[in-house]
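Trainee:
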Ligand SMILES: Nc1ncnc2c1ncn2[C@@H]1O[C@H](COP(=O)(O)OP(=O)(O)OP(=O)(O)O)[C@@H](O)[C@H]1O
Ligand SMILES: [Mg+2]
């Protein structure tokens, strides 16, 4: 009563404010903790139903992460209970949570913590590339994968560059191959420079496809990047000459140029002083940065795959220009944050290929399309028949030296841009200002 009257006096107005503020500060953690416990309660009840562990080692729900509102990750501290025991109870968890259990795995770097992912809309464990092939209709389109909100197709022109990252064996090269075949199908005139310094183990299959140049050694890679830089310069001259702000391949009859670098760290990371290829690597790093900065207007796109993202591998300026990000499974939260700016890729399901697609403000979990090895060969031999040959002479000898098929060398011709200069472009006025 006394206190009430005291605080009712006007001169205590400030004191009153501090008093309430202090109470609010003290109560905040209690309220948050209470809410969290309440949120965990239904999951804890479900876990208790399974009667795992003894009284002293009962599994405890320690974190519940709602992801994309259609999936929930539950973290359970469970000393003394193995991952296999949790996996064996997968069906029981499914019944207890009344949702599909997508994945059960041990939390990396957190001993005794198991992570269970549940969803009402589970993603498929495998998505067929061929069942979506007919969906690719527009120039520049390729597949990202199945999300919980539908199948995602992306136009490379909107990105215009992309980063693919993830730990070893997570699905980067598989994604690269399907994206490239998709682009070759949707964009019959597009040209490709494919760099695979693992001696072409992944992208070597594309050698011999008209309009596709594959580099398996650092010398060829840098030579092709120099060609690309030259090409970019010519395209900027053309933009100036025509008074247009960007090239739209279908309208200006200038083909899109896609540069894909698998295992980018081998080519564009900062080399050690003793590295005999250091000058070539530094040059590749510089050209890649230039293309990332300026390529959009010239219809030149970069796809870069790497296991880790660090400024010593991918320059910070280059990172900023890689608009689309495909994050496959990452070992740590720090690795995930380096690609997506947030955690998530470290909590992904262990299902092969599972990844997070980030573009603009959206980050969606996806299952990208998969193509079996022998189907890749069939699709590529179809492409060999259909595509037009547009290969620059400057790199031909090097490709021959690397033992690439004779077909590549025989089909050397002028690039489309040379043809455009020689023959003149169609009316550009209508396209000026269009977004690419
Ligand atoms: N989208 C997918 N759907 C189904 N399986 C997949 C998918 N992606 C990858 N896999 C499986 O995972 C294996 C490894 O994938 P991949 O070679 O693409 O990984 P990576 O990230 O390139 O590995 P590394 O860093 O070692 O080169 C594939 O051989 C395939 O069996
Ligand atoms: Mg790979």
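Residue numbers (the numbering used here): 275 to 710.
Built from N, CA and C at the ideal position, the CB exists for glycine as well.
Values in this document were obtained by computation on a predicted structure and should not be read as measured data.
(1) Report the start-end ranges of each alpha helix (DSSP H) in the region 433-469 that is 4 residues or longer and not cut off at the edges.
(2) Out of 562, 392, 459, 377, point me to the one whose CA is closest to residue 406's CA.
(3) Let me know the secondary structure DSSP gives residue 393 once reduced to three states.
(4) Should residue 448 be counted as a contact of ligand 1 given a C-beta to heavy atom distance under 7 Å?
(5) Taking C-alpha atoms, which residue in 596, 617, 360 lies nearest to residue 605?
(6) What residue ranges within the region 396-429 form continuous beta strand (DSSP E) runs of no fewer than 3 residues, ordered along the chain?
(7) Does DSSP put residue 578 in a helix, in a strand, or in coil?
(8) How long is the line joining the alpha carbons of residue 371 and residue 643, rounded to whole angstroms?
(9) Relative to the C-alpha of residue 327, which residue among 313, 354, 320 is closest?
(10) Roughly how many angstroms separate the alpha carbons of residue 324 and residue 339, rounded to a whole number?
(11) When the Cα atoms are used, what is the spatial distance from residue 334 to residue 652?
(12) Once the 5 residues before and after residue 292 are set aside, which same chain residues still bring their CB inside 7 Å of it?
(13) Let me check you understand the geometry: is the CB of residue 444 closer than 7 Å to at least one non-hydrogen atom of ligand 1?
(14) Would you say residue 536 touches ligand 2, meaning its beta carbon is less than 7 Å from a heavy atom?
(15) By Cβ distance below 6 Å, which residues in the same chain neighbour residue 392 in space, the five residues on each side in sequence not counted?
(16) DSSP on residue 560, reduced to helix/strand/coil?
(17) Per the contact definition of three or more C-beta pairs closer than 8 Å, is the region 510-523 in contact with the region 569-586?
(18) State the start and end residues of the unbroken alpha helix (DSSP H) segment that holds residue 523.
(19) Within 10 angstroms of the Cβ of residue 300, are there 16 or more other Cβ atoms? Answer buried if so, exposed if not.
(20) At which residues does the beta strand (DSSP E) containing residue 477 begin and terminate?
(21) Compute the Euclidean distance between the alpha carbons of residue 381 and residue 448, then round it to the nearest angstrom.
(22) Taking DSSP as the reference, what is the three-state secondary structure of residue 548?
Mentor: Reading it off the structure:
(1) 446-460
(2) Sequence index remark: in the chain shown, residue 406 carries index 132 (1-based). Checking every option, the nearest Cα to that of residue 406 belongs to 459.
(3) Numbered from its first residue, the chain shown carries residue 393 at position 119. Three-state DSSP puts residue 393 in a strand.
(4) Along the chain shown, one-based indexing puts residue 448 at 174. It does: the Cβ of residue 448 is within 7 Å (strictly closer) of some heavy atom of ligand 1.
(5) Translated into positions along the chain shown, residue 605 becomes position 331. Comparing Cα positions, the closest option is 617.
(6) 415-421, 424-429
(7) In the chain shown, counting from the first residue as 1, residue 578 sits at position 304. In the displayed model, residue 578 falls within a strand according to three-state DSSP.
(8) For the purposes of this step, residue 371 is taken as residue 97 along the chain shown, with counting starting at 1. For the purposes of this step, residue 643 is taken as residue 369 along the chain shown, with counting starting at 1. Cα to Cα, the separation comes out at about 29 Å.
(9) Numbered from its first residue, the chain shown carries residue 327 at position 53. Answer by Cα proximity: 354.
(10) Numbered from 1 along the chain shown, position 50 holds the residue referred to as residue 324. Numbered from 1 along the chain shown, position 65 holds the residue referred to as residue 339. When rounded, the distance between both Cα atoms is 21 Å.
(11) What you label residue 334 is simply residue 60 of the chain shown in a count that begins at 1. What you label residue 652 is simply residue 378 of the chain shown in a count that begins at 1. For residue 334 and residue 652, the distance between alpha carbons rounds to 51 Å.
(12) Taking the first residue of the chain shown as 1, we reach residue 292 at position 18. Cβ neighbours of residue 292 beyond the five flanking positions: none.
(13) Stepping through the chain shown from its first residue, residue 444 is reached at position 170. Because some heavy atom of ligand 1 lies under 7 Å away, the Cβ of residue 444 counts as near it: yes.
(14) The residue you call residue 536 lines up with position 262 of the chain shown. Yes, the beta carbon of residue 536 sits closer than 7 Å to at least one heavy atom of ligand 2.
(15) Stepping through the chain shown from its first residue, residue 392 is reached at position 118. For residue 392, where only same-chain residues beyond five positions count, the Cβ hits under 6 Å are 346, 371, 373, 375.
(16) Translated into the one-based positions of the chain shown, residue 560 becomes position 286. In the structure shown, residue 560 sits in a helix (DSSP, three-state: H, G or I).
(17) yes
(18) Taking the first residue of the chain shown as position 1, residue 523 is located at position 249. Unbroken alpha helix (DSSP H) run through residue 523: 523-526.
(19) What you label residue 300 is simply residue 26 of the chain shown in a count that begins at 1. Exposed: under 16 other Cβ atoms inside 10 Å.
(20) Against the chain shown, residue 477 aligns to sequence position 203. Judged by DSSP secondary structure, residue 477 falls outside any beta strand (DSSP E); it is assigned neither H nor E.
(21) In the chain shown, counting from the first residue as 1, residue 381 sits at position 107. In the chain shown, counting from the first residue as 1, residue 448 sits at position 174. Answer to the nearest angstrom: the Cα atoms are 26 Å apart.
(22) Translated into the one-based positions of the chain shown, residue 548 becomes position 274. Reduced to three states, the DSSP call for residue 548 is coil.
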